[in-house]
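Mapping of the sequence shown onto the working numbering: position 70 corresponds to residue 72, and the numbering continues sequentially without gaps. Worksheet: one structure, shown below.
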Amino acid sequence: MKKSKVIVLLMLVMVCVIGCTKNSTNTESTNDAMQNLSKEVQDASTQESANVTENYADLSTAEKMQNLKVNGHEIGMPCQLGEFKKYFTLKDGYTLEPYPNIVVFPYENNGLEAGEIWVYCSESTENVKDTDWVCIMDIEMFDPIEETGMSFGFCNINEKSTMEEIIKKMGEPTTKTDYISFTYNDNANLETELFDIDQISLSFGEDGSIKECTLFYNINKLEVK
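Put into structure tokens, the structure is as follows:
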């Protein structure tokens, strides 16, 4: 807020300087002053923008994952099934008895297994539509030996981020399991129904690298089409 006021004040000063130049013969000095003020405005604006985008820890879990990129594609979470299918190949889906409106689809990237998505069906599992929403997305990290897996990014973290970097960007996890996994959600009650929360889960290997990222979106907030 303070930086916004500074920017406005600097812009007002620039207007005053422009007005004064009409009656001034020292145009060179005036131009220098204008250039300096313009640079200050740009620098202040850039700094303010950086402060806003870097403050990810204060975002809700849903806001943290809404700008999700997978393998460089801006998909977002939640995303509609049709959008996901533009980039990745679905394998045969299956249903889970406790969840009659959910279909689980393993998916591939370039013919190789890469994870799975859970699709919330607005009508029935026999009639899955491209406008149905992906409410859970599991992303397996790229393995250079097996040549399988994916890359991802949100909140300025990615598949190469360390535990320390993740905490620095996103804040302390809601739960940690012996530094094997991080979980972020807005409800510390772990007994909450699986589909009734927004949640980010990160699993790590023994070397501290990310092995899996799973994103959950609260289906009660989905817009059914």
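Virtual Cβ for every residue (Gly too), placed ideally from N, Cα, C.
Alpha-carbon spacing of residue 100 relative to residue 122, whole angstroms: Roughly 13 angstroms separates the two Cα atoms.
Cβ-based burial, residue 222 [other Cβ within 10 Å; buried from 16]: So residue 222 ends up on the exposed side.
Beta carbon of residue 161 nearer than 7 angstroms to that of residue 139: no
Alpha carbon of residue 182 to alpha carbon of residue 159, nearest angstrom: Put simply, the backbone Cα of residue 182 is about 17 angstroms away from that of residue 159.
Residue 154 versus 72, 137 and 62, residue with shortest Cα-Cα distance: 72
Residue 65 - containing alpha helix (DSSP H), residue span: 63–67
Residue 55 burial status per 10 Å Cβ neighbour count (16 or more: buried): Reliability of the predicted coordinates at residue 55 is poor, the pLDDT of 46 falling under 50, and no value is obtained from them.
Between the CA atoms of residue 130 and residue 106 - distance to the nearest angstrom: Cα-Cα distance, rounded: 11 angstroms.
Alpha-carbon to alpha-carbon, residue 110 and residue 164: 26 angstroms
First through last residue of the alpha helix (DSSP H) which encompasses residue 170: 165–172
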